[in-house]
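Converting from the sequence shown to my numbering requires adding 386 to each position, the first position being numbered 1.
Just so you know, even glycine gets a beta-carbon here, dropped at the ideal spot from N, CA and C.
All values reported here derive from a predicted model rather than from experimental measurement.
Just below is one structure, and these are the notes that go with it.
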Amino acid sequence: MQIYKLLSALLDYPKQELLDHLPELYDLTERCEEVDEPERHAVLGFLAHLQGRTLTELQADYVQTFDLTAEHSLHLTHHLFGDDNNRGPALIDLGELYKDYGVEAVESELPDYLPLVLEFAAYLDDTEAMVFLSDAHKIFKVLTDNLKKAGSSYAGLLSIIEGRATLTRLAA
387 MQIYKLLSAL LDYPKQELLD HLPELYDLTE RCEEVDEPER HAVLGFLAHL QGRTLTELQA
447 DYVQTFDLTA EHSLHLTHHL FGDDNNRGPA LIDLGELYKD YGVEAVESEL PDYLPLVLEF
507 AAYLDDTEAM VFLSDAHKIF KVLTDNLKKA GSSYAGLLSI IEGRATLTRL AA
(Lines of atoms letter the chains of each structure in order from A; the text may use other names.)
(Lines give C-alpha, C1' and ligand atoms only; values in the text may rest on other atoms or scores of the structure.)
Protein backbone atom coordinates (compact mmCIF):
# COMPACT_ATOMS: atom_id res chain seq x y z
CA MET A 387 0.00 0.00 0.00
CA GLN A 388 1.38 3.35 -0.95
CA ILE A 389 1.57 6.06 1.67
CA TYR A 390 -1.04 8.10 -0.20
CA LYS A 391 -3.59 5.28 -0.05
CA LEU A 392 -2.93 4.91 3.65
CA LEU A 393 -3.28 8.65 4.29
CA SER A 394 -6.44 8.73 2.19
CA ALA A 395 -8.01 6.02 4.34
CA LEU A 396 -6.97 7.73 7.56
CA LEU A 397 -8.28 11.14 6.48
CA ASP A 398 -11.62 9.86 5.28
CA TYR A 399 -14.73 9.82 7.49
CA PRO A 400 -14.13 7.06 10.05
CA LYS A 401 -16.09 3.85 9.57
CA GLN A 402 -16.09 0.56 11.44
CA GLU A 403 -14.07 -1.01 8.63
CA LEU A 404 -11.15 1.29 9.49
CA LEU A 405 -11.19 0.18 13.13
CA ASP A 406 -11.52 -3.47 12.10
CA HIS A 407 -8.32 -3.19 10.05
CA LEU A 408 -6.14 -1.36 12.60
CA PRO A 409 -3.81 -4.37 13.12
CA GLU A 410 -3.14 -4.55 9.36
CA LEU A 411 -2.60 -0.80 9.19
CA TYR A 412 -0.05 -0.98 12.00
CA ASP A 413 1.73 -3.80 10.17
CA LEU A 414 1.69 -1.99 6.83
CA THR A 415 3.04 1.17 8.44
CA GLU A 416 5.85 -0.72 10.15
CA ARG A 417 6.86 -2.47 6.92
CA CYS A 418 6.34 0.40 4.47
CA GLU A 419 9.72 1.25 2.98
CA GLU A 420 8.55 4.50 1.36
CA VAL A 421 8.07 6.35 4.65
CA ASP A 422 10.81 7.86 6.76
CA GLU A 423 10.94 7.62 10.55
CA PRO A 424 9.14 10.92 11.33
CA GLU A 425 6.34 9.94 8.92
CA ARG A 426 6.14 6.43 10.41
CA HIS A 427 6.01 7.92 13.92
CA ALA A 428 3.17 10.29 12.90
CA VAL A 429 1.10 7.50 11.34
CA LEU A 430 1.68 5.10 14.25
CA GLY A 431 0.70 7.87 16.69
CA PHE A 432 -2.50 8.49 14.78
CA LEU A 433 -3.29 4.76 14.69
CA ALA A 434 -2.82 4.64 18.47
CA HIS A 435 -5.23 7.58 18.75
CA LEU A 436 -7.80 5.64 16.70
CA GLN A 437 -7.37 2.54 18.81
CA GLY A 438 -8.18 4.40 22.00
CA ARG A 439 -11.55 5.79 20.81
CA THR A 440 -14.98 4.47 19.97
CA LEU A 441 -16.32 4.85 16.45
CA THR A 442 -18.86 7.41 17.67
CA GLU A 443 -16.12 9.49 19.32
CA LEU A 444 -13.99 9.36 16.16
CA GLN A 445 -16.90 10.38 13.95
CA ALA A 446 -17.86 13.26 16.25
CA ASP A 447 -14.24 14.47 16.30
CA TYR A 448 -14.03 14.21 12.51
CA VAL A 449 -17.21 16.23 11.98
CA GLN A 450 -16.13 18.85 14.51
CA THR A 451 -12.66 19.09 12.99
CA PHE A 452 -13.37 19.05 9.27
CA ASP A 453 -17.05 19.74 8.66
CA LEU A 454 -17.77 22.41 11.27
CA THR A 455 -14.49 24.30 11.10
CA ALA A 456 -13.96 25.99 7.72
CA GLU A 457 -10.23 26.53 8.36
CA HIS A 458 -9.82 22.74 8.49
CA SER A 459 -11.86 21.86 5.41
CA LEU A 460 -10.59 18.86 3.45
CA HIS A 461 -12.03 20.41 0.28
CA LEU A 462 -8.86 22.05 -1.00
CA THR A 463 -10.40 24.62 -3.34
CA HIS A 464 -12.38 25.99 -0.42
CA HIS A 465 -9.09 27.37 0.94
CA LEU A 466 -8.43 29.17 -2.35
CA PHE A 467 -11.87 30.34 -3.38
CA GLY A 468 -14.28 29.91 -0.47
CA ASP A 469 -17.72 29.84 -2.06
CA ASP A 470 -16.63 32.10 -4.93
CA ASN A 471 -17.81 31.27 -8.46
CA ASN A 472 -14.21 30.60 -9.52
CA ARG A 473 -14.24 27.41 -7.46
CA GLY A 474 -16.47 25.64 -10.02
CA PRO A 475 -14.00 25.75 -12.93
CA ALA A 476 -11.19 24.56 -10.63
CA LEU A 477 -13.32 21.58 -9.59
CA ILE A 478 -14.15 20.79 -13.21
CA ASP A 479 -10.47 20.96 -14.20
CA LEU A 480 -9.52 18.58 -11.39
CA GLY A 481 -12.27 16.16 -12.37
CA GLU A 482 -11.08 16.28 -15.98
CA LEU A 483 -7.52 15.53 -14.86
CA TYR A 484 -8.76 12.41 -13.09
CA LYS A 485 -10.59 11.33 -16.25
CA ASP A 486 -7.47 11.93 -18.36
CA TYR A 487 -5.73 9.33 -16.20
CA GLY A 488 -8.69 6.96 -16.41
CA VAL A 489 -9.63 7.45 -12.76
CA GLU A 490 -13.32 7.66 -11.99
CA ALA A 491 -14.11 10.23 -9.32
CA VAL A 492 -16.48 9.27 -6.53
CA GLU A 493 -19.80 10.89 -7.34
CA SER A 494 -20.64 11.55 -3.71
CA GLU A 495 -17.56 13.76 -3.24
CA LEU A 496 -16.16 16.81 -4.94
CA PRO A 497 -12.88 16.11 -6.77
CA ASP A 498 -10.94 18.38 -4.38
CA TYR A 499 -11.76 16.27 -1.29
CA LEU A 500 -8.33 15.45 0.14
CA PRO A 501 -8.84 11.68 0.56
CA LEU A 502 -9.89 11.55 -3.11
CA VAL A 503 -6.90 13.70 -4.13
CA LEU A 504 -4.63 11.28 -2.25
CA GLU A 505 -6.25 8.27 -3.92
CA PHE A 506 -5.42 9.88 -7.25
CA ALA A 507 -1.85 10.61 -6.13
CA ALA A 508 -1.49 6.90 -5.31
CA TYR A 509 -2.07 6.12 -9.01
CA LEU A 510 0.89 8.29 -9.99
CA ASP A 511 4.57 7.48 -9.75
CA ASP A 512 6.43 9.20 -6.92
CA THR A 513 7.67 12.14 -8.97
CA GLU A 514 4.29 12.76 -10.61
CA ALA A 515 2.56 12.58 -7.23
CA MET A 516 5.00 15.06 -5.75
CA VAL A 517 4.52 17.51 -8.62
CA PHE A 518 0.73 17.07 -8.52
CA LEU A 519 0.53 17.66 -4.77
CA SER A 520 3.03 20.54 -4.86
CA ASP A 521 0.37 22.68 -6.57
CA ALA A 522 -1.45 22.66 -3.23
CA HIS A 523 1.61 22.98 -0.97
CA LYS A 524 0.50 26.33 0.45
CA ILE A 525 -2.93 24.91 1.26
CA PHE A 526 -1.34 21.92 3.03
CA LYS A 527 0.87 24.29 5.02
CA VAL A 528 -2.07 26.40 6.17
CA LEU A 529 -4.18 23.33 6.91
CA THR A 530 -1.36 21.70 8.89
CA ASP A 531 -0.77 24.89 10.87
CA ASN A 532 -4.48 25.29 11.60
CA LEU A 533 -4.77 21.69 12.80
CA LYS A 534 -1.66 22.06 14.98
CA LYS A 535 -3.07 25.22 16.57
CA ALA A 536 -6.30 23.35 17.30
CA GLY A 537 -4.35 20.45 18.84
CA SER A 538 -5.91 18.03 16.34
CA SER A 539 -4.71 14.47 16.10
CA TYR A 540 -4.94 14.88 12.30
CA ALA A 541 -2.13 17.46 12.20
CA GLY A 542 0.61 14.84 11.90
CA LEU A 543 -1.04 13.28 8.84
CA LEU A 544 -1.32 16.66 7.12
CA SER A 545 2.29 17.36 8.02
CA ILE A 546 3.31 14.25 6.05
CA ILE A 547 1.39 15.47 3.01
CA GLU A 548 2.85 18.96 3.35
CA GLY A 549 6.36 17.51 3.50
CA ARG A 550 5.81 15.39 0.40
CA ALA A 551 4.07 18.15 -1.58
CA THR A 552 7.16 20.12 -2.35
CA LEU A 553 9.42 20.17 -5.35
CA THR A 554 12.48 20.54 -3.13
CA ARG A 555 12.16 16.77 -2.47
CA LEU A 556 12.99 16.23 -6.15
CA ALA A 557 16.33 17.95 -5.69
CA ALA A 558 17.27 15.70 -2.78
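- Ranked by how close their Cα comes to the Cα of residue 512, the residues 478, 421, 399, 416 have 421 in first place.
- Out of 525, 507, 526, the CA that lies nearest to the CA of residue 517 is found in 507.
- The region 411-420 makes no contact with the region 532-543; the number of CB pairs closer than 8 Å stays below 3.
- When the five nearest sequence neighbours on each side are left out, the beta carbons in the same chain lying within less than 7 Å of the beta carbon of residue 431 are those of 542, in order along the chain.
- Assignment of residue 461 by DSSP, reduced to helix, strand and coil, places it in the strand class.
- From the listed residues 424, 427, 419, 436, the smallest Cα separation to residue 398 is found for 436.
- For residue 461, same chain residues with a beta-carbon under 7 Å away, outside a window of 5 residues either side, are 496, 498, 499 in chain order.
- Taking the C-beta atoms as reference points, residue 480 is found no nearer than 8 Å to residue 394.
- Taking the Cα positions, residue 521 is about 20 Å away from residue 471.
- Note: residue 499 is bridge-paired with 461 in the DSSP secondary-structure output.
- Here residue 465 is buried, its C-beta having at least 16 other C-beta atoms within 10 Å.
- One alpha carbon belongs to residue 391, the other to residue 510, and they sit about 11 Å apart.
- Remark: C-beta atoms of residue 548 and residue 526 approach each other more closely than 8 Å.
- The straight-line gap separating the alpha-carbon atoms of residue 451 and residue 458 is approximately 6 Å.
- If you draw a straight line from the Cα of residue 426 to the Cα of residue 474, it is about 36 Å long.
- Using a 10 angstroms sphere on the CB of residue 442, the tally of other CB atoms stays under 16, which defines it as exposed.
- The three-state secondary structure of residue 523, taken from DSSP, is helix.
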